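Working notes, structure below.
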Amino acid sequence: MQPSVSPQNRGIEECAELLAFFYDRLRCETEIFKTEGNPVVYGVYDAGAEKTLLAYFMYDTQPYDEPGWTYPPMEATLAPLNLPSGEVTALYNRGAVNTKGPMMTFLHAVESVQQCEGDLPFNLLLVGEGEEELSSPHLPDFVQAKKKELSQADACIFPFFLQNTKGKVELYLGVKGIIYFELECSGASWGRGPTQFGIHGSN
6 MQPSVSPQNR
16 GIEECAELLA
26 FFYDRLRCET
36 EIFKTEGNPV
46 VYGVYDAGAE
56 KTLLAYFMYD
66 TQPYDEPGWT
76 YPPMEATLAP
86 LNLPSGEVTA
96 LYNRGAVNTK
106 GPMMTFLHAV
116 ESVQQCEGDL
126 PFNLLLVGEG
136 EEELSSPHLP
146 DFVQAKKKEL
156 SQADACIFPF
166 FLQNTKGKVE
176 LYLGVKGIIY
186 FELECSGASW
196 GRGPTQFGIH
206 GSN
């Protein structure tokens, strides 16, 4: 397995090259877009179609040095997993769920369609980011540089499908994002701050 641990800058360049290799297999025009941080792997598949789909991936992961792994995190072990729906075979390694597994599933699915049908019925833009685990500090630079091309997309997908404990496949149809904020409350102006009274919905 190829590590790509962005918080430790471990294996990032090598993984970007590997992802570019898989884009090339899909007959994409591939670019490893350099940023001040980790590169974005960008691929364009032009089928000459009317519609364009943008697929976003993250190829970086969190560290895997922490104890407690049942199987070696860099060996991609296939092993049984007992679920309420029965026993299944699961893949264990760092990034299998978040999100190298879904990313490679999507890329292999595209390749399978190409092998069976020839061309895809839509154009494809592939964006592979290497800093998602760092809050994407340099992704805006890529988006700004490729704004005209990216704006041609009719839809965007973030392949993050998985199978839940009941054996059902989950497919996310939208993402809201994350917002961080700090909220400070004081009851000083109305004389009932939490230092004098317990916090209660009726206060």
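Taken in order, the sequence shown gives residues 6 to 208; the numbers are from my numbering.
All C-beta atoms in this analysis are idealised placements derived from N, C-alpha and C, irrespective of residue type, glycine included.
Predicted, not measured: the structure shown is a model, and the values here were computed from it.
*Between methionine 63 and glycine 91, what straight-line distance do the alpha-carbon atoms span, to the nearest angstrom?*
Each residue's Cα considered, the two are about 31 Å apart.
_C-alpha distance - cysteine 121 paired with valine 49, whole-angstrom precision_ = If I take the Cα positions, the gap works out to 20 Å.
*Opening and closing residue of the alpha helix (DSSP H) in which methionine 108 lies*: Segment 105 to 122, the alpha helix (DSSP H) holding methionine 108.
*Which residue from Gly172, Ser140 and Leu58 puts its Cα closest to that of isoleucine 183?*
When the alpha-carbon of isoleucine 183 is set against those of Gly172, Ser140 and Leu58, the nearest one is in Ser140.
*Below 7 Å between beta carbons: does that hold for aspartate 29 and asparagine 128?*
Not in contact: aspartate 29 and asparagine 128 (Cβ atoms no closer than 7 Å).
*CB contact flag (lysine 39, aspartate 159, <7 Å)*: In this structure, lysine 39 lies away from aspartate 159, with their beta-carbon atoms at least 7 Å apart.
*Identify the continuous beta strand (DSSP E) that holds leucine 176 and give its terminal residues.*
Per DSSP, leucine 176 lies in no beta strand (DSSP E) and is assigned neither H nor E.
*By Cβ distance, which residues of its chain are closer than 8 Å to glycine 135, with the 5 residues on each side in sequence left out?*
Exclusion of the five residues before and after glycine 135 leaves Ser9, Ser11, Ile17, Cys20, Ala21, Gly42, Asn43, Pro44, Val45, Val46, Met63, Tyr64 and Asp65 as the residues of its chain whose Cβ lies within less than 8 Å of its Cβ.
*According to DSSP, is tyrosine 64 helix, strand or coil?*
In the structure shown, tyrosine 64 sits in coil (DSSP, three-state: anything other than H, G, I, E or B).
_If you follow the alpha helix (DSSP H) that isoleucine 17 is in, where does it begin and where does it stop?_
Where isoleucine 17 is concerned, the enclosing alpha helix (DSSP H) stretches over 17 to 30.
*Could you give the distance in angstroms between the alpha-carbon of alanine 84 and the alpha-carbon of glutamine 149?*
Taking the straight line joining both Cα atoms gives about 43 Å.
*Are the CB atoms of glutamine 13 and leucine 23 nearer to each other than 7 Å?*
No, the pair does not count as a contact, with Cβ atoms beyond the cut-off.
*If you draw a straight line from the alpha carbon of alanine 101 to that of threonine 110, how long is it in whole angstroms?*
For alanine 101 and threonine 110, the distance between alpha carbons rounds to 11 Å.
_In whole angstroms, give me the CA-to-CA distance for threonine 151 and histidine 143._
Position check: residue 151 holds lysine in this sequence, whereas threonine was assumed. So the alpha carbons of these two residues sit roughly 13 Å apart.
*Taking the C-alpha atoms as reference points, what is the distance between serine 207 and isoleucine 37?*
Residue confidence for serine 207 is low, a pLDDT of 48 falling below 50, so the modelled location carries little weight and cannot support an answer.
*Inter-residue spacing [alpha-carbon to alpha-carbon] between valine 93 and asparagine 87*: Rounded to the nearest angstrom, the two C-alpha atoms are 6 Å apart.
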